[in-house]
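A short worksheet on the structure shown next.
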Amino acid sequence: MGYILTIKTSILVFPVLAYIITMPYAIWMYRKYGSINFTKALIIYSFILYLECCFFLVNLPLPEIGSVHTRYVDMINLQPFKFVLDFIKDNPLKISEQATYLRAIKHGTFYVPAFNILMLVPFGIYLRYYFKCSLKKTIALTALLSLIFELIQLSGLFFIYSGPYRLCDIDDIIQNTLGGIIGYYIGGIVSLILPKREKLDEEALKKGKEVPGLRRMLAFAIDIFIINIVNAILKVMLPFSFEIIFILYFTIIPIWKGNTIGSKILRFHFEIENNNIIKLILRSLGLLVYFYGFPKLVKYIMNMLAGNITTLEIALIYFALMLTFGIYVIITAIIILKNKRFPFDKMFNTVYRSDIQVKNNELED
0 MGYILTIKTS
10 ILVFPVLAYI
20 ITMPYAIWMY
30 RKYGSINFTK
40 ALIIYSFILY
50 LECCFFLVNL
60 PLPEIGSVHT
70 RYVDMINLQP
80 FKFVLDFIKD
90 NPLKISEQAT
100 YLRAIKHGTF
110 YVPAFNILML
120 VPFGIYLRYY
130 FKCSLKKTIA
140 LTALLSLIFE
150 LIQLSGLFFI
160 YSGPYRLCDI
170 DDIIQNTLGG
180 IIGYYIGGIV
190 SLILPKREKL
200 DEEALKKGKE
210 VPGLRRMLAF
220 AIDIFIINIV
230 NAILKVMLPF
240 SFEIIFILYF
250 TIIPIWKGNT
260 IGSKILRFHF
270 EIENNNIIKL
280 ILRSLGLLVY
290 FYGFPKLVKY
300 IMNMLAGNIT
310 TLEIALIYFA
320 LMLTFGIYVI
330 ITAIIILKNK
340 RFPFDKMFNT
350 VYRSDIQVKN
360 NELED
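If you're matching positions, the sequence shown starts at 0 in numbering that gives the first Met the number 0 and goes up one per residue.
Written as structure tokens, this is what we have:
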């Protein structure tokens with residue numbers, strides 16, 4: 000498997016990895032800044048894709064498990080700068096003969112160390128530009144990342160194999176660390192071209208003063224997750240436990256400060272005039288009907304009709320239900336993406352307020 004194929008594999012696997020990290024990343028961003036800045040998200044996801052490519056490059060291709068019969072002691076090189084001696088000894092380069100230059104570049108004693116250096120150059124760039132690491136910290140983190148890669152190789156890919164199938168080499172750590180140092184200095188140039196990290200943070204904090212639809216829906220998803228856990232415990236003993244828990248959760252918990260657990264995590268709250276308990280109950284019922292009752296009712300009727308579409312009238316009813324549900328989904332998406340209020344929020348004049356605290360000097364342009 001060549002380098003290009005390994006990178007293609009990384010790109011194919013990345014959507015799965017991105018899906019796994021999206022919610023934790025969104026929670027972290029909303030909790031810290033109150034918003035998700037597109038540029039920051041692009042940088043973070045590109046960084047994750049880059050690390051994934053590095054991991055695959057140092058571990059692929061995988062041999063057959065039964066074909067690995069190496070001993071750990073035979074797969075370790077602790078002699079530093081052995082790659083320099085190998086280059087002097089085996090590389091066909093002759094300075095006085097230009098015809099040897101191309102062969103020298105294609106020789107393993109050159110391109111393998113060169114690749115090891117280049118592999119962690121982007122790591123150094125990310126550390127300086129986005130993570131604001133000093134040179135010392137960049138060297139330490141680059142060496143640590145390289146050491147982790149080497150130990151994974153030495154372990155036979157987390158001991159899946161009976162022994163290492165690649166050499167654990169101190170020279171790889173030296174070369175990788177050199178790449179990180181080069182990346183650090185390139186990162187200084189990158190910082191002059193791309194938006195500064197401080198500017199990105201400032202923009203995110205400005206947007207964090209508002210509570211957009213996606214932030215509200217992520218908090219709602221966290222709340223539903225908690226409700227489902229409680230429901231799983233109580234549903235054996237309590238009929239209609241989900242509905243009861245739902246209404247109690249969205250009524251009782253917000254009484255004091257307008258927070259649910261989800262909104263507390265994402266640092267915002269909602270306000271209803273005088274925290275009127277009747278309005279809180281009615282709002283909770285509105286939430287239940289909109290996100291649970293209506294979709295469940297439509298699904299129930301469609302399932303009932305699905306096996307009995309024998310006349311044109313029934314077929315039209317089925318189609319009308321599908322169309323109605325499609326309109327419901329579109330309206331919901333528009334409300335979320337356009338940062339509008341849901342009908343139950345409009346009905347009870349619910350106002351969402353961010354708990355992100357921003358100093359005045361942070362908002363100065």
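Idealized CB from N, CA, C, for every residue including glycine.
Spell out the partners DSSP gives residue i in its beta bridges.
{"i": "E270", "result": "V350"}
{"i": "N76", "result": "D168"}
Is it buried or exposed for residue i, if we count other Cβ within 10 angstroms and need 16 for buried?
{"i": "V15", "result": "exposed"}
{"i": "Y129", "result": "buried"}
{"i": "E361", "result": "Any answer about E361 is weak, because its pLDDT of 46 lies below 50 and its placement is not dependable; what the coordinates show is given next. With fewer than 16 Cβ atoms within 10 Å of its Cβ, E361 is classed as exposed."}
{"i": "F239", "result": "exposed"}
{"i": "D364", "result": "Residue placement at D364 cannot be trusted, given a pLDDT of 36 that sits under 50; the coordinates are not used to answer."}
{"i": "P149", "result": "Per the sequence presented here, residue 149 reads as Glu, with Pro not at that position. The residue is buried, with at least 16 neighbouring Cβ atoms inside 10 Å."}
{"i": "R70", "result": "exposed"}
{"i": "G107", "result": "exposed"}
{"i": "S133", "result": "exposed"}
{"i": "T137", "result": "buried"}
{"i": "F114", "result": "exposed"}
{"i": "Q152", "result": "buried"}
{"i": "M0", "result": "Its pLDDT being 46, under 50, M0 is placed unreliably by the model, and nothing is read from it."}
{"i": "K39", "result": "buried"}
Among the options, whose alpha-carbon lies nearest the alpha-carbon of residue i?
{"i": "I264", "options": "R215, F293, I254 and N273", "result": "R215"}
{"i": "K131", "options": "G33, R196 and N302", "result": "R196"}
{"i": "K81", "options": "F347, F109, I43 and L286", "result": "F109"}
{"i": "A314", "options": "I300, P194 and S353", "result": "I300"}
State yes or no: is the C-beta of residue i within less than 8 Å of the C-beta of residue j?
{"i": "V288", "j": "F324", "result": "no"}
{"i": "I124", "j": "V189", "result": "yes"}
{"i": "G207", "j": "I334", "result": "no"}
{"i": "F269", "j": "G257", "result": "yes"}
{"i": "F347", "j": "R282", "result": "yes"}
{"i": "I104", "j": "G178", "result": "no"}
{"i": "Q78", "j": "I169", "result": "yes"}
{"i": "R266", "j": "G33", "result": "yes"}
{"i": "I26", "j": "L204", "result": "no"}
{"i": "S9", "j": "F55", "result": "yes"}
{"i": "T141", "j": "T176", "result": "yes"}
Mind listing, in chain order, the continuous alpha helix (DSSP H) runs of no fewer than 4 residues lying wholly within the region 11 to 81?
List check, alpha helix (DSSP H) in window: 37 to 58.
Within the region 269 to 325, note down every full alpha helix (DSSP H) run reaching 4 residues or more, in order along the chain.
276 to 287 and 293 to 305
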